[in-house]
Amino acid sequence: MKGSIFVSHPNFGIFPFEYDLEDLNKVMVDLEGQIILIGNSTGCQVIMTYINRHINNKIVLCILQGSVSDTEYFESQRHKYNYNEKFRFEDETGTIIDNEVDNKDIENIFRYDGIIYIHERYVSLYKRHGIEDLFSSYLEDEHYKNLNKNNYKLIFVISDKDEFVVKKIDDKLRHVKNSEIINFREGDHFLHNKESQKEFIKLIKKEIHKMRVHQ
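Each residue of the sequence shown is one higher than the last, beginning at -13 in this note's numbering.
Encoded structure:
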């Protein structure tokens, strides 16, 4: 396999969402055999967008852990911040934007809640109905029914103690075709709990075994 990296890790805020999709596509070209895609947090958006754009018979399963609404979390937290405050980073300034405001006058790079963003990624993450707004509770059932349009096999791993969940979407996810939901009772967003880590590894091993049996 050729070397492939995701340029946005760990500084996801300073790279456009499309860069992640391009990097994933490079990885997919390099890989051979059957593939299980595993995504956490924003990685769930990357995988869902990718598999809706591409039909790749090498992909036998996608495991999406921590598929949450960045938009709803942003909206729940924004009261903590002064939206008129300017932040400085490498001689560039930008003003934090409200979710309902036109963004055209914002400078390209700024700091929000300790994270550096470019304007494009900030909007794609936090604006309602933006390209990354895939897992929000306010989205219609029809959105979820059409979320997996190429009918890949999906497993949503939902952590019951996910600190970024504002409104649970388990009922919404049940509308996603060819998918199942697995709940980790003690899991948080990044599965810091050792028991949840063991559960996740067990799940992956189980799915790999099933994949090999059906080869």
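By construction, the Cβ of each residue, glycine as well, lies at the ideal position given by its N, Cα and C atoms.
Item	Value
Backbone CA spacing between Ile48 and Phe(-2) [nearest angstrom]	For the sequence presented, residue 48 should be read as Cys rather than Ile. Taking the straight line from one Cα to the other gives about 21 Å.
Whole-Å CB distance - Ile155 paired with Ser123, under 8 Å assumed	5 Å
Cβ pair Ile45, Tyr138 closer than 8 Å	yes
CB contact flag (Arg107, Pro(-4), <8 Å)	no
Rounded distance between the beta-carbons of Thr57 and Arg114, thought under 8 Å	6 Å
Beta-ladder partner(s) of Ser145, from DSSP	Phe170
Start-end ranges of the beta strand (DSSP E) lying completely within the region 8 to 49, minimum 3 residues	21 to 26
Ser(-6) versus Ser27 - alpha carbon distance	13 Å
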